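Worksheet for the structure shown next.
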Amino acid sequence: MQNILEAIQSGSATTEDFASLELPESYRAAFVKKDEVDMFEGLTTREKDPRKSLHVDQVPLPELGPGEAFVAVMASAINYNTVWTSIFEPVSTFGFLERYGRNSELTKRHDLPYHVVGSDLSGVVLKTGPGVTKWKPGDRVVAHCLSVELEGPDGHNDTMLDTEQRIWGFETNFGGLADVAMVKANQLMPKPEHLTWEEAASPGLVNCTAYRQLVSKNGGDMKQGDNVLIWGASGGLGGFATQYALNGGATPVCVVSNEEKAAIARSMGAELIINRSEEGYKFWNDEGTQQDPKEWKRFGARIRELTGGEDIDIVFEHPGRETFGASVFVTRKGGTITTCASTSGYMHEYDNRYLWMNLKRIISSHFANYRESWEANRLIAKGKIHPTLSKTYTLDEVGQASLDVHQNAHQGKVGVLCLAPEEGLGVLDHEMRAQHETAINRFRGV
């Protein structure tokens, strides 16, 4: 791995130089173990500690198949799916790997007693499998996490609808929290060269998810002038949704939980902000049932106060159970609630009268298709959308990084250095970086 790192850092290594590098028989990776899936039995979700389940050690390099690529991972990032994998909720991901492994001899490689996690990366292509023509060794890349087979007809209008659609590093093995990752070559996209390795790795999953959920015709289909309610507006998903709303001429109504997060939303250009803690909204009572509609009405009245009497056109919904009833209620007649993630709980409750009789729509949104992912990355590369990286750990500290996200003790995205020996490396376009440095560092140290 040292020879690989030296070639990357030299800045002068050619395609031929990278192609001639000897690949290691094993590599360092973060993984969970199949024989530990019951380790948290009897504990509440909050009590489950990723530091106990995530291991960092050497694992064998898999065989490279057709249409695939090995990438030397300079940096990665933590997403909620890594948290879910590490606490074995809502199910163990080894079931995903077992099902995938039954498809063919090639997919059987994924069905192992360990699961290398991670759905983001930035790095350099080391080797490509048969049939790959767009990418070559030495290319500097990021990767989106959509893995599809596209052998049937279902995914050819929208690759997210492929019956064999999976999320790399969550429903497949050999993810990005490692020194080497194996991806399908069509996951690769050009690295934005005004960003460091850790900054470039961090948008990936959440940026593409926010793009589809809010901007794409497959999601909210946002237009100029829309009022967009964004829960967790300074978080990993919400930070990108806020940027997309502002860039697209919409008006974000940003819901945050404290003044520090409100300040981040304001720094992005948002003006309409609701501090949930300060205003004391409580949508559920202590018995675990939702309050009567008075609390929803109070929330809706505050929104109208901010918007000049207008209701919400699109809700960017990702907390799930805790907020969904309120989201349905405050959406305008004919409006849209887009939903993903459900980080506070999957079992949503809402009063269907406010949906059905007011012709509102609930649209489910999951990650993004190839085109949406490419467009989202293009906007990063053009400096129209910026990373939300707040803190970076080393790969050996991946358990603590995951715990931060699990306990919501973070802002924006939490990055992880893999092969990169320190932060701040990997920038080629210094002139462009200088133009956007304030925005790039907006979440840093918060």
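Position one of the sequence shown corresponds to residue 1 (UniProt numbering), numbered consecutively onward.
Heads up, the beta-carbon is just placed ideally off N, CA and C, and yes, glycines get one too.
This structure is a prediction, so every number in the text was calculated from the model and none was measured.
{"Asked": "Between Y211 and A381, which are expected to be in contact by the criterion C-beta below 8 Å, what is the C-beta distance as a whole number of angstroms?", "Found": "That belief does not hold up - the Cβ atoms of Y211 and A381 are roughly 14 Å apart, past 8 Å."}
{"Asked": "Terminal residues of the continuous alpha helix (DSSP H) containing T307?", "Found": "K294 to T307"}
{"Asked": "Going by the CB atoms, is the gap between I87 and T45 shorter than 8 Å?", "Found": "yes"}
{"Asked": "Give a yes or no on whether the C-beta atoms belonging to L54 and G399 are separated by under 8 Å.", "Found": "yes"}
{"Asked": "Measure from the alpha carbon of V56 to the alpha carbon of each residue in R276, D396 and R304, then state which is nearest.", "Found": "D396"}
{"Asked": "Are there three or more Cβ pairs, one per stretch, closer than 8 Å when the stretch 337-356 is compared with the stretch 178-188?", "Found": "no"}
{"Asked": "According to the neighbour-count rule (16 or more other Cβ atoms, all chains shown, within 10 Å of its Cβ), is Q58 buried or exposed?", "Found": "exposed"}
{"Asked": "For V414 and P66, I'd like the C-alpha separation in whole angstroms.", "Found": "33 Å"}
{"Asked": "Can the beta-carbon of E198 be found less than 8 Å from the beta-carbon of A420?", "Found": "yes"}
{"Asked": "So is G225 buried or exposed if we call it buried at 16+ other beta carbons inside 10 Å?", "Found": "exposed"}
{"Asked": "Excluding five sequence neighbours on each side, which residues of the same chain lie with their C-beta closer than 6 Å to the C-beta of L150?", "Found": "D162"}
{"Asked": "Among R266, S365 and G320, which one has its Cα closest to the Cα of F443?", "Found": "R266"}
{"Asked": "Note the first and the last residue of the continuous beta strand (DSSP E) segment covering D57.", "Found": "H55 to P60"}
{"Asked": "Considering L389, what are the terminal residues of the beta strand (DSSP E) in which it resides?", "Found": "L389 to T394"}
{"Asked": "Counting only C-beta atoms, is K360 closer than 8 Å to chain B at any point?", "Found": "Considering every chain present, this structure includes no chain B. It has just one protein chain."}
{"Asked": "Following the continuous alpha helix (DSSP H) through N352, name the residue where it begins and the one where it ends.", "Found": "N352 to W356"}
{"Asked": "With a CB to CB cut of under 8 Å and the five nearest residues on each side skipped, what residues in its chain are close to E98?", "Found": "D111"}
{"Asked": "Quick one: is Q2 buried, meaning 16 or more other Cβ sit within 10 Å of its Cβ, or exposed?", "Found": "exposed"}
{"Asked": "Quick check on the DSSP output: the alpha helix (DSSP H) that includes V330 runs from which residue to which?", "Found": "F324 to V330"}
{"Asked": "Please work out which residues of its chain come closer than 7 Å, Cβ to Cβ, to H319, disregarding the five sequence neighbours upstream and downstream, and give them in chain order.", "Found": "Here residue 319 turns out to be Pro, not His, going by the sequence shown. W231, G232, T343 and S344."}
{"Asked": "In whole angstroms, give me the CA-to-CA distance for I303 and E310.", "Found": "8 Å"}
{"Asked": "Of all the options A75, A250, F324 and G175, which has the alpha carbon lying nearest to the alpha carbon of G220?", "Found": "A250"}
{"Asked": "According to DSSP, F70 sits in a beta bridge with which residue or residues?", "Found": "K127 and M182"}
{"Asked": "Spatial neighbours of V427 within its chain, please: CB distance less than 8 Å, with the 5 preceding and 5 following residues excluded, ordered by chain position.", "Found": "E193, H194, L195, T196 and R433"}
{"Asked": "So, for S76: in the same chain, excluding its five sequence neighbours on each side, which residues have a beta-carbon less than 6 Å away from its beta-carbon?", "Found": "G118, D120, L121, G176, L177, A201, V416 and C418"}
{"Asked": "If we count Cβ pairs, one from each stretch, closer than 8 Å, do we get three or more for the stretch 37-52 versus the stretch 360-379?", "Found": "no"}
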